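K.L.:
With my numbering applied, the sequence shown corresponds to residues 7 to 71, in that order. Ideal Cβ placement from N, Cα and C applies to all residues, glycine included. From a predicted model like this one, the values you see are computed outputs, not experimental measurements.
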Amino acid sequence: MIFFAFIIIAVAIVNIIYPSFGWHLRYGWMVKGDSEPSDAYLIMSRNSSVIVLIVFLIVGIPFLF
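Here's what the structure looks like:
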């Protein structure tokens, strides 16, 4: 259970710091040539990761202990 919590926190932090990494894993391989995610995608990806991290820290962490 602690390993699962660590994975969620790590993925959220990576997505906050480097949101285009997730785009390249999900969509980038389908596009031929050089293509980058839009600014709107990057902003929404960061915002959703911050929200997920906050909710997990408030709700999820107390259940681990």
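Would the beta-carbon of Pro43 fall within 8 Å of that of Ser26?
P.N.:
In contact: Pro43 and Ser26 (Cβ atoms closer than 8 Å).
K.L.:
Pairs of beta-carbons, one from the region 33 to 50 and one from the region 9 to 18, closer than 8 Å: are there three or more?
P.N.:
Because the criterion of three Cβ pairs below 8 Å is not met, the region 33 to 50 and the region 9 to 18 do not touch.
K.L.:
Quick one: Cα of Arg52 to Cα of Met7, how far?
P.N.:
Taking the straight line joining both Cα atoms gives about 25 Å.
K.L.:
Determine, using beta carbons only, whether Ala18 and Leu59 come nearer to each other than 8 Å.
P.N.:
Yes, the Cβ-Cβ distance between Ala18 and Leu59 is below 8 Å.
K.L.:
Whole angstroms is fine: what's the gap from Pro94's alpha carbon to Ala46's?
P.N.:
The shown model of the chain, from 7 to 71, leaves out residue 94, and the question about it has no answer.
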